[in-house]
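To start, the structure under review is shown below, and the notes come after it.
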Amino acid sequence: AVAARPVRRVIRKSTLPSSVQIEQVRARSQSAARTLSQNVAKAKSWEEPANVFLAQKLAKEHMEDLEASEDEDETTRRQDVLTKYKAAGKLVDEVMEFVVEKCIIGANTYTLCVAGDEELKRRAVGVFSKAKGEDGKKIPRGIAFPCTVSVNNMLCNHSPAQESHTVTLKGGDVVKVHMGVHVDGYPVSAARTIIVARPAEVETGLPSSVCNTVEASRVALLSVIHMLDSYAAPGCGERRHHRLHCSRRLPLRRGGGGGCPLYSYEAVGDRLP
């Protein structure tokens, strides 16, 4: 029988940290601890009376800067205000379908935008046609955001003022349609992303990148709707940077993405509502 040789564990010098490496780790740990303590101290400083007073002063100035129309009496908690918002939303949905059906091969963006604006005006006249405001006059209603048709790499706000600047649609184009209307100053806007259908004889397959982008936008939209349903408006801004399909607004008077006050109309280029 052969005796088993004892097993010895060999520790190589190269696997052991050197004194220099240990000092580097210790220095990094101390630096991280100092940064953490500074951040904590900075956060606590806002609890001091002087900073609390400053924060209250800024909040008061912000509230004073709000338009008179943004008070509690003109929110959707009032049934008449909610009814006007719903009427404006229904009108926008109908005109959106009208424009989307015209987004076919050969259509141009100038004609689509003009047709969308004319349809918005025509239908808005028939909404609350007999209703009158406190001054006894008919309540105003009309375009709050001109119809825009943006194609492919154009994200938004493409609404040519001249037909020479138009874009002709082709099969497979990704088109973003955006429009808005108001009833008695309560604005509603909507946007939709569609893909122009190709001819029947051409294969209708789409690149995976297009499909993934459209689906990601749809999921992002559903997540925002879920947040609204949960009355989580205060935290909505925290997730704004996750949106894939967003729009840059050109405000004429306040608003423009941060809120939706009365008469918050928006213009696109030379075309005013």
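Under this note's numbering, the first residue of the sequence shown carries the number 393, and numbering increases by one thereafter.
Here a beta-carbon is modelled for each residue, glycine too, at the ideal position from N, C-alpha and C.
By the CB criterion at 7 Å, residue 487 and residue 533 fall outside the cutoff. At a Cβ-Cβ threshold of 7 Å, residue 516 and residue 573 count as neighbours. For the options 613, 592, 587, 503, the alpha carbon positioned closest to that of residue 602 is the one of 587. DSSP, reduced to helix, strand and coil, places residue 495 outside both helices and strands of the structure shown, so it counts as coil. The straight-line gap separating the alpha-carbon atoms of residue 547 and residue 497 is approximately 20 Å. Contact check for residue 585 and residue 566: beta-carbon distance about 7 Å, within the 8 Å limit, so the pair qualifies.
Bridge partners of residue 420 according to DSSP: none are assigned.
Three or more pairs of CB atoms, one per stretch, sit closer than 8 Å, so the segment 496–515 contacts the segment 551–560.
Judged by DSSP in its simplified three-state form, residue 567 adopts strand. Residue pairing by DSSP puts residue 585 in a beta bridge opposite 568. Bridge pairing for residue 537: 572 [DSSP]. The C-alpha of residue 485 is placed about 18 Å away from the C-alpha of residue 614.
Scanning its chain for C-beta atoms nearer than 8 Å, with the 5 sequence neighbours on each side dropped, one finds around residue 563 the residues 497, 588, 589, 590, 591, 594, in chain order. If you draw a straight line from the Cα of residue 526 to the Cα of residue 482, it is about 25 Å long. Note on residue 559: 16 or more other CB atoms within 10 angstroms of its CB, so buried under the neighbour-count rule. By DSSP's assignment, residue 578 forms a beta bridge with 575. The beta carbons of residue 490 and residue 510 sit about 10 Å from each other, so the pair does not count as a contact at 8 Å. Burial of residue 542 is indicated by the presence of at least 16 other C-beta atoms within 10 angstroms of its C-beta.
One alpha carbon belongs to residue 606, the other to residue 598, and they sit about 11 Å apart.
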